[in-house]
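Enquirer: Okay, handing you the structure first.
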Amino acid sequence: SLTQNAIVAEFLRTLEYFDGLMFMTSNRGSDIDEAIIPRCAAIIHYDVPEKSDAQKIWKIMGENFGVNIPDELVRSLVNTYPELPPRDIKMLLRLTLRMSVKEQGSGSIPTLDIVRKCAMFRGIERKRKEKAL
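Take -4 as the starting number for the sequence shown in our numbering and just add one per residue.
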């Protein structure tokens, strides 16, 4: 549409003449428009963490939220969601802990079943099932 093209053109013009340091992030690096790439001074790609690193991230995030996630649950989470970036781990865990309190009361430990329910709200469960097909 004409309006969308005008917005994109203005964004590109702003990038072209911007005199400063700007960080733009995306979880979909392969979908960045080709007109933006040449206007970037650097592109940094971060891989999804390895299993051992993902386990540490789940544990640390749990501690940050005041919950000790059992090792068995952490292993299940890493095996169920092997390609989850740290930001999604944080957001999924935050939602899961809130849902756990709602369903099981305060101080409860989340279950894999509750995590799966919350993953559906974040679109993670759907993506996982699509990859399995």
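A virtual CB, placed ideally from N, CA and C, is assigned to each residue, including glycine.
Predicted model only: the values in this text are computed from it and were never measured.
Using a threshold of 8 Å, state whether the C-beta atoms of I109 and L79 are closer than that.
Expert: Indexing the sequence shown from 1 puts residue 109 at position 114. Indexing the sequence shown from 1 puts residue 79 at position 84. No, the Cβ-Cβ distance between I109 and L79 is not below 8 Å.
Enquirer: Within 10 angstroms of its Cβ, does M17 collect 16 or more other Cβ (buried), or is it exposed?
Expert: The sequence position of residue 17 within the sequence shown is 22, counting from 1. Flag for M17 reads exposed.
Enquirer: Whose C-alpha, out of I84, H40, R117 and A49, is nearest the C-alpha of M19?
Expert: Locating residue 19 in the sequence shown gives position 24, counting from the first residue. If we check each option's Cα against that of M19, H40 comes out closest.
Enquirer: What's the call for M56, buried or exposed, on a 16-neighbour Cβ count within 10 Å?
Expert: Translated into the one-based positions of the sequence shown, residue 56 becomes position 61. Buried, by the Cβ-count rule.
Enquirer: Does DSSP put L7 in a helix, in a strand, or in coil?
Expert: Taking the sequence shown and counting its residues from 1, one reaches residue 7 at position 12. Note: L7 maps to helix in three-state DSSP.
Enquirer: Given this structure, state the Cα-to-Cα distance separating Q50 from F116, to the nearest angstrom.
Expert: Looking up residue 50 in the sequence shown gives position 55. Looking up residue 116 in the sequence shown gives position 121. Their backbone Cα atoms lie some 22 Å apart in a straight line.
Enquirer: If the criterion is Cβ atoms closer than 8 Å, does the pair V69 and K54 meet it?
Expert: Locating residue 69 in the sequence shown gives position 74, counting from the first residue. Locating residue 54 in the sequence shown gives position 59, counting from the first residue. Yes. Within cutoff.
Enquirer: Pull up the CB-CB distance for L149 and I32, whole angstroms please, since I reckon it's below 8 Å.
Expert: Residue 149 is absent from the model: the chain starts at -4 and stops at 128.
Enquirer: DSSP state of G57, grouped into three classes?
Expert: The residue labelled residue 57 in the question sits at position 62 within the sequence shown. Three-state result, G57: helix.
Enquirer: Specify the secondary structure class of F18 as computed by DSSP and reduced to three states.
Expert: The residue you call residue 18 lines up with position 23 of the sequence shown. Looking at F18 - three-state DSSP - the assignment turns out to be coil, as it is neither helix nor strand.
Enquirer: Can you tell me whether L(-3) is buried or exposed, with buried defined as 16 or more other CB within 10 angstroms of its CB?
Expert: The residue given as residue -3 occupies position 2 in the sequence shown. Exposed: under 16 other Cβ atoms inside 10 Å.
Enquirer: Using CA atoms only, rank isn't needed, just tell me which of N22, L7, F13 and D66 is closest to E29.
Expert: Here residue 29 refers to the residue found at position 34 of the sequence shown. That would be L7, whose Cα lies nearest to the Cα of E29.
Enquirer: Report buried or exposed for Y76, applying the criterion of at least 16 other Cβ atoms within 10 angstroms of its Cβ.
Expert: Within the sequence shown, the letter at position 81 stands for residue 76. Counting Cβ neighbours within 10 Å, Y76 comes out buried, since at least 16 surround it.
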